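Enquirer: In my numbering, the protein residues as written are 32 to 226.
Even glycine gets a Cβ: it sits at the ideal position worked out from N, Cα and C.
If you're wondering where the values come from, they're calculated on a predicted model, not measured in any experiment.
This is the structure, below, for whatever I ask next.
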């Protein structure tokens, strides 16, 4: 749920391929040894294409819309990504954002293309992390403390390689999540098959 009680919608490529998930598990297990980070559960592995916004009764800003607006956005996203063919990605190495440890995505620009197309949809707000600022990634853990941070950095410098994949991306999903949870379950609103 969004802070105002609405549903928070995100467009994702869910990572459910058992082989790829198993390739991430040693990294997730290693991250659990550090007090400064909460490793994601394997069921949370995904690549975010675009944070869409919040479905609320009374929208008050550009990142909020009604259920009727949600329906229009679903159809506009379907049109925007029409013709995008399925593609294959790999996850070659670890990296950091200020709040997370993530696996980089090697995709030949395909997720950036999807992000740009969705940002062009009317009523979908673009933020600084979209367009030129978009970095496709799979979050592996969120920072929760500073204790052990230097040890984690040393570990990451010595162990950057992930070598997960290949992952075939044949669909993306619009999901609703509960922002009150650290690693929320995904409620699929709509599935968009590529191709």
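Helix, strand or coil for residue 95, going by three-state DSSP, please let me know.
Expert: It is a strand residue.
Enquirer: CA-CA distance, residue 176 and residue 164?
Expert: Computed Cα separation, rounded: 26 Å.
Enquirer: Do you know how far the Cα of residue 63 is from the Cα of residue 187?
Expert: Residue 187 and residue 63: Cα-Cα distance of roughly 13 Å.
Enquirer: Check residue 34 in the structure and name its three-state DSSP category.
Expert: With a pLDDT of 49 at residue 34, under the threshold of 50, the modelled position of this residue cannot be trusted; read the value that follows with caution. Here residue 34 sits in coil by DSSP.
Enquirer: Put residue 190 into one of helix, strand or coil per three-state DSSP.
Expert: Three-state result, residue 190: coil.
Enquirer: Keeping to the same chain, check which residues put their C-beta closer than 6 Å to that of residue 192; ignore five residues upstream and five downstream.
Expert: Hits under 6 Å: 124.
Enquirer: Would DSSP call residue 197 helix, strand or coil?
Expert: Strand, per DSSP.
Enquirer: What number of angstroms, rounded off, separates the C-alpha of residue 222 from the C-alpha of residue 61?
Expert: Rounded to the nearest angstrom, the two C-alpha atoms are 33 Å apart.
Enquirer: Tell me which residues share the same chain as residue 225 and place their Cβ nearer than 8 Å to its Cβ, disregarding the 5 neighbours each side in the sequence.
Expert: 112, 115, 116, 117, 118, 200, 201, 202, 203, listed in sequence order.
Enquirer: Out of 101, 217, 145, which has the shortest C-alpha to C-alpha gap to residue 85?
Expert: Closest option to residue 85, Cα to Cα, is 101.
Enquirer: Along the chain, where does the beta strand (DSSP E) that runs through residue 130 open and close?
Expert: From DSSP, residue 130 is part of no beta strand (DSSP E); its letter is neither H nor E.
Enquirer: What does the alpha-carbon distance come out to for the pair residue 208 and residue 76?
Expert: Rounded to the nearest angstrom, the two C-alpha atoms are 14 Å apart.
Enquirer: By Cβ distance below 7 Å, which residues in the same chain neighbour residue 143 in space, the five residues on each side in sequence not counted?
Expert: So the list reads 165, 167, once near-sequence residues are dropped.
Enquirer: For residue 178, tell me which candidate among 93, 68, 130, 79 has the shortest Cα-Cα distance.
Expert: Of the candidates 93, 68, 130, 79, the one whose C-alpha sits nearest the C-alpha of residue 178 is 68.
Enquirer: What does the alpha-carbon distance come out to for the pair residue 139 and residue 126?
Expert: Computed Cα separation, rounded: 18 Å.
Enquirer: For residue 51, I'd like the list of residues in its chain whose CB is within less than 7 Å of its CB, leaving aside the five on either flank, ordered along the chain.
Expert: Within the same chain, residue 51 has close Cβ partners 195, 196, 198.
Enquirer: Please report the distance separating the alpha-carbon of residue 34 from that of residue 93.
Expert: With a pLDDT of only 49 at residue 34, under the threshold of 50, the placement of this residue in the model should not be trusted, and no figure is reported.
Enquirer: Drop a sphere of 10 angstroms on the beta-carbon of residue 95, count the other beta-carbons inside from all chains shown, and report buried for 16 or more, exposed for fewer.
Expert: Residue 95 is buried by the Cβ-count criterion.
Enquirer: Take residue 160 as the anchor and find which of 147, 152, 172 has the nearest alpha-carbon.
Expert: For the residues 147, 152, 172, the minimum Cα distance to residue 160 belongs to 147.
Enquirer: Going by beta carbon distance, what residues of the same chain come within less than 6 Å of residue 217, once the five residues before and after it are set aside?
Expert: 206.
Enquirer: Just verifying my parser: in three-state terms, what is the DSSP assignment at residue 156?
Expert: Note: residue 156 maps to coil in three-state DSSP.
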